[in-house]
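One structure is given below, encoded as structure tokens.
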Amino acid sequence: EFCKAMNPPAAEWRPDTNAARGDSLAHPSAAAASDPSPPPTIFQRLSNDLPDLATLSLSFVADVPFEVDETNFRCYLTHTLPVVSKSVRSLVSSDEMWRAGLERMISKEPTWREATNTICAENASRNENAAGGNNDNDRTTYAHIGTNSNGQRVYVGVQEVDMEDTDDDDDNNVDDEDMEDAANGADGDNNVEEEESVQTMIDKACKALSIDGLPCTCKQLFRRIVQAHLRFRSPIFYMPGPVSIAQSFGLHFFEPRYRLLISEVLAPYPVAFRRGDPIQLEGSGHRQYPKFIYANHSPLERGAPAVIVEVRQCLINPNGTADVFLCPAAYIWLEDIRERPNSGGMYDARAIRMTEASAAALERQAAEAEARRMAQEAAMFSGGNADQILFALLQQLSGGGQMDEADEDSG
5 EFCKAMNPPA
15 AEWRPDTNAA
25 RGDSLAHPSA
35 AAASDPSPPP
45 TIFQRLSNDL
55 PDLATLSLSF
65 VADVPFEVDE
75 TNFRCYLTHT
85 LPVVSKSVRS
95 LVSSDEMWRA
105 GLERMISKEP
115 TWREATNTIC
125 AENASRNENA
135 AGGNNDNDRT
145 TYAHIGTNSN
155 GQRVYVGVQE
165 VDMEDTDDDD
175 DNNVDDEDME
185 DAANGADGDN
195 NVEEEESVQT
205 MIDKACKALS
215 IDGLPCTCKQ
225 LFRRIVQAHL
235 RFRSPIFYMP
245 GPVSIAQSFG
255 LHFFEPRYRL
265 LISEVLAPYP
275 VAFRRGDPIQ
285 LEGSGHRQYP
295 KFIYANHSPL
305 ERGAPAVIVE
315 VRQCLINPNG
325 TADVFLCPAA
335 YIWLEDIRER
345 PNSGGMYDAR
355 AIRMTEASAA
365 ALERQAAEAE
375 ARRMAQEAAM
385 FSGGNADQIL
395 FALLQQLSGG
405 GQMDEADEDS
415 G
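The numbering of the sequence shown is the working numbering, which starts it at 5 and goes up by one.
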């Protein structure tokens, strides 16, 4: 009876019964004649009357790409909520959602903080270079005075001093006390919440990516961080085996596909980089070492872990073979793998940087694998028990065994 009263069919319409229930239950045809648009939903009323509350409610489920699943860019903010309704789409399309997501990612992931700092530092460097052609007063407004407690480079007066008023000494001079506070990250105010510093970083990065004086949106900043700092594309060298970050190793490339790989990786760099001498970036015009993807886990598929390796030394022989000295730089997840046509079986891949927790787990796996190998070799040559040797090595890797009371007191 309640359902019929809410939506009475025309054949069963009884004006005397339904009219007594209120004007809102008038005949559908009469309602349509007076207001052709359908009645607003509860969420539409909420978004119209209390837009801040509606936005706050959606923010609890509006995760950004790579926030829940670090290997998947699909998320509620981009692939689920926008197709719920037009009102929800308008709310989740606001820059507030992307700003909140950026704050969460920068706060919990060092790679995101590092990328944001890099964007700010590059902008400050461009400003410093642009001011190099001006007079001495102009140059002092872009002086680099040190690094704060967050690892950020600090510049005095960047985009804060009116260049037309450089003759006014009172406006351009910076007190020693102010310079010390800026260089030390305002150590006297270390109780400032991290959220405030993250918001400042986002504002600076958006301003750094501004075009014609218009700051970029947080969504554009998010895309820039992912595409320019977290994603990596290169050919793949595939050979299963344990590696650890910053632990260099050597390889000999003799297969045609890997000869092609090393020649392409070193193509943008000076010829001296392929003559066997240690690679020196100073004076080469490059800020980063040659890099490529080393897929050291089997099978080679999407979602598999891999590592970005830097070429620190390379000798390309006359026959095309190469001896390389590599240093692992960062762990990654393989997002897309494709075989290059007519390349002799060489693959190209797109990858995304791992989170700190996933990278630490891979480091532990690599350390345990290396300890297991060392235990087997030690047992083979000494005739001891491999399990006992492995247990001792793992204890050393984890920081040793239990401390006695004297050690605890001294600690």
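C-beta atoms are modelled at their ideal positions from N, C-alpha and C, and glycine is treated no differently. As the structure is a computational prediction, the values presented were derived from the model and not from experiment.
Could you check what DSSP says for residue i in three-state terms: helix, strand or coil?
| i | result |
| --- | --- |
| S347 | coil |
| A34 | The pLDDT assigned to A34 is 49, lower than 50, so where the model puts this residue is not dependable; a value taken from the coordinates is nonetheless given after this. Correct three-state label for A34: helix. |
| Q224 | helix |
| D99 | helix |
| Y242 | strand |
| P309 | strand |
| F236 | strand |
| R368 | helix |
| L270 | helix |
| R377 | helix |
| I320 | strand |
| G287 | coil |
| R279 | strand |
| L81 | helix |
| L60 | helix |
Give me the residue from the options with the minimum Cα distance to residue i.
| i | options | result |
| --- | --- | --- |
| P332 | C210, A363, I249, A299 | I249 |
| P272 | M205, P282, S288, T75 | S288 |
| L255 | I229, A326, M378 | A326 |
| A355 | F70, I206, V275, I266 | F70 |
| A276 | R316, E343, R78, D99 | R316 |
| P246 | L366, L95, M109 | L366 |
| S214 | F253, R228, Q203 | R228 |
| R108 | V68, N76, E74 | V68 |
Have a look at the DSSP bridge pairing and note the partners of residue i.
| i | result |
| --- | --- |
| E314 | K295, C331 |
| G116 | In the sequence under discussion, the amino acid at residue 116 is Trp, which differs from the Gly named in the question. In the DSSP output, where bridge partners are listed per residue, W116 has none listed. |
| F253 | L330 |
| A353 | S238, I341 |
| I215 | L218 |
| I206 | Looking at the DSSP assignment, I206 forms no beta bridge with any residue, so it has no partner. |
Since I believe residue j is in contact with residue i (beta carbons under 8 Å), could you give me their beta-carbon distance rounded to a whole number of angstroms?
| i | j | result |
| --- | --- | --- |
| I320 | R278 | 4 Å |
| I266 | C210 | At roughly 39 Å, the Cβ-Cβ gap does not stay under 8 Å, so I266 and C210 are not in contact. |
| L95 | T59 | 6 Å |
| P114 | E286 | With 8 Å as the limit, P114 and E286 do not qualify as a contact, their Cβ atoms being about 26 Å apart. |
| M243 | N300 | 7 Å |
Inset, instruction - Indicate whether the contact test is met: 3 or more Cβ pairs, each with one atom in the segment 228-241 and one in the segment 340-355, closer than 8 Å. - result: Result yes; three or more Cβ-Cβ pairs closer than 8 Å.
Inset, instruction - Give a yes or no on contact between the segment 75-88 and the segment 114-130, applying the rule of three or more CB pairs nearer than 8 Å. - result: Segments in contact, no.
Inset, instruction - Please confirm if the segment 89-99 is in contact with the segment 108-122, defined as three or more CB-CB distances below 8 Å between the two stretches. - result: Segments in contact, no.
Inset, instruction - State whether the segment 97-108 contacts the segment 217-232, with contact taken as three or more CB pairs (one from each stretch) at a distance under 8 Å. - result: These segments touch.
Inset, instruction - Specify whether the segment 335-342 and the segment 299-315 touch according to this definition: at least 3 beta carbon pairs, one from each stretch, less than 8 Å apart. - result: The answer is yes - the segment 299-315 touches the segment 335-342, with three or more Cβ pairs under 8 Å.
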